[in-house]
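Peer 1: Have a look at the structure that comes next, please.
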Amino acid sequence: MTRSRRTAAPMPDSIRQILRAKQHPARAIACPHCGAAPHRPCRNQARTRYMTDPHPGRVTAWATATACCPACQVEPGTPCHLDGRAFPTGHIHPQRETEARETAA
Numbered sequence: 006m007t008r009s010r011r012t013a014a015p016m017p018d019s020i021r022q023i024l025r026a027k028q029h030p031a032r033a034i035a036c037p038h039c040g041a042a043p044h045r046p047c048r049n050q051a052r053t054r055y056m057t058d059p060h061p062g063r064v065t066a067w068a069t070a071t072a073c074c075p076a077c078q079v080e081p082g083t084p085c086h087l088d089g090r091a092f093p094t095g096h097i098h099p100q101r102e103t104e105a106r107e108t109a110a
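Its first residue numbered 6, the sequence shown is counted upward by one per residue in the numbering used here.
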């Protein structure tokens with residue numbers, strides 16, 4: 006007798022994030038630094054060990070994708086700017102990261 010493989014019902018991402026083990030919410034997106042897939046931990050440069058905290062670039066990308074910036078009033082997905090010029094290398098205002106953390110909690 007063969008067993009049929011059941012597929013689980015799809016779970017919305019909002020519920021999936023709540024049910025995950027205690028991990029940084031920035032792990033919901035891929036890491037631009039080490040290339041770690043969404044919901045996977047970042048790796049060191051030699052790719053031999055997993056890191057406990059995400060790379061700063063991953064946190065920045067997550068905050069840019071999910072939160073509005075209270076300092077420069079830009080929408081999610083738009084990089085922060087200062088006097089009409091984008092920050093170099095995709096940096097963000099510290100208030101935006103704080104806003105993203107509060108929104109995720």
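Even glycine gets a Cβ: it sits at the ideal position worked out from N, Cα and C. Everything numeric in this text was worked out from a predicted model, so none of it was measured.
Quick check: the region 26-46 against the region 59-66, are there 3 or more CB pairs under 8 Å?
Peer 2: Yes: at least three Cβ pairs fall under 8 Å.
Peer 1: Would you report the Cα separation of E102 and T53, rounded to the nearest angstrom?
Peer 2: Within the sequence shown, the letter at position 97 stands for residue 102. Within the sequence shown, the letter at position 48 stands for residue 53. When rounded, the distance between both Cα atoms is 29 Å.
Peer 1: Is the Cβ-Cβ distance between H44 and C77 less than 8 Å?
Peer 2: The count along the sequence shown starts at 1 and reaches residue 44 at position 39. The count along the sequence shown starts at 1 and reaches residue 77 at position 72. Against a cut-off of 8 Å, the Cβ pair of C77 and H44 comes out as no contact.
Peer 1: If you compare alpha carbons, which of A51, A91 and P59 is closest to C74?
Peer 2: Against the sequence shown, residue 74 aligns to sequence position 69. The option with the nearest alpha carbon to C74 is A91.
Peer 1: Mapping the DSSP letters down to three states, classify R90 as helix, strand or coil.
Peer 2: The sequence position of residue 90 within the sequence shown is 85, counting from 1. R90 falls in the strand class under three-state DSSP.
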